[in-house]
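All you need for the numbering used here is the position in the sequence shown, starting with 1, plus 1.
Working notes for the structure below.
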Amino acid sequence: MNPPEPRDLILRDIFTLGVKVVRRPVIRGDSALGTTPQPEPLAGIHAATTLRHAASRAVADCARYAREDGKTWTEIGAAMEPAHGEDSAFLAVASQMGRGPTFAWPCPACGQTVIDYGPEAGSPEDQETGHGEGCTRLAAAIVAWNARWEDGADE
Ligand SMILES: [Zn+2]
Numbered sequence: 002m003n004p005p006e007p008r009d010l011i012l013r014d015i016f017t018l019g020v021k022v023v024r025r026p027v028i029r030g031d032s033a034l035g036t037t038p039q040p041e042p043l044a045g046i047h048a049a050t051t052l053r054h055a056a057s058r059a060v061a062d063c064a065r066y067a068r069e070d071g072k073t074w075t076e077i078g079a080a081m082e083p084a085h086g087e088d089s090a091f092l093a094v095a096s097q098m099g100r101g102p103t104f105a106w107p108c109p110a111c112g113q114t115v116i117d118y119g120p121e122a123g124s125p126e127d128q129e130t131g132h133g134e135g136c137t138r139l140a141a142a143i144v145a146w147n148a149r150w151e152d153g154a155d156e
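Below you can see the structure in the form of structure tokens.
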């Protein structure tokens, strides 16, 4: 059995939210082939946009755990559907808080809340502010960043 289509899951969730059901022809304008349950349109829009907002929050929550676990924005973007580049992935979950887009996550090494300014900020020292004094995670990120440039590797 195939997993359910995301569209069917969303429709099920819309009904689960208690939206009024209306019957519509399976083929628009032709009731001869029967009807199918559909959400009342305006209530359906309300429910679907509520679910879309909740899905965006779920993406941000998973991205926060991914950053906490040491995943890069490149890896986070690759996990998105459709796939995003690192900058686009960051911007998809970042908040606008005055100094440009930021994304906060807890550093498991130093216990501080890191304010992440995204891949475009450059080195880990510029990208991740808020690490505690002597944070081993930040130190490792700096070593990896420097090695990346010494290898003459990508961009
Ligand atoms: Zn830290």
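Ideal Cβ positions, reconstructed from N, Cα and C, are used throughout, including at glycine.
Proximity below 9 Å, CB of residue i to CB of residue j
i, j, result
"Trp146", "Pro120", "no"
"Ala59", "Ile11", "no"
"Ala67", "Ala80", "yes"
"Glu86", "Thr114", "Here residue 86 turns out to be Gly, not Glu, going by the sequence shown. It is not a contact, given that the beta carbons lie outside the stated cut-off."
"Leu52", "Asp9", "no"
"Ala105", "Arg65", "yes"
"Ser32", "Pro26", "yes"
"Glu129", "Ile116", "yes"
Residue i beta carbon near ligand 1 (any heavy atom closer than 8 Å)
i, result
"Leu10", "no"
"Gly133", "yes"
"Gln113", "yes"
"Leu139", "yes"
"Ala110", "yes"
"Cys136", "yes"
Limits of the unbroken beta strand (DSSP E) element including residue i
i, result
"Gly35", "Asp31 to Pro40"
"Arg24", "Val22 to Ile28"
First and last residue of the uninterrupted alpha helix (DSSP H) at residue i
i, result
"Gly78", "Trp74 to Ala80"
"Arg8", "Pro7 to Thr17"
"Ala1", "Because the chain is modelled from 2 through 156, residue 1 falls outside the range shown and cannot be assessed."
Stretch-stretch touch, CB-based, cutoff 8 Å, three pairs: the segment 67 to 74 with the segment 86 to 102: yes
The segment 138 to 147 / the segment 103 to 111 touching (three or more Cβ pairs under 8 Å): yes
Cβ pair count under 8 Å reaching 3, the segment 13 to 33 against the segment 42 to 54: yes
Every unbroken alpha helix (DSSP H) within the segment 104 to 156, with a cutoff of 4 residues, ordered by chain: 125 to 128 and 137 to 151
3-residue-minimum beta strand (DSSP E) runs that sit fully inside the segment 43 to 75, ordered along the chain: The DSSP assignment places no complete beta strand (DSSP E) segment of no fewer than 3 residues inside the segment 43 to 75.
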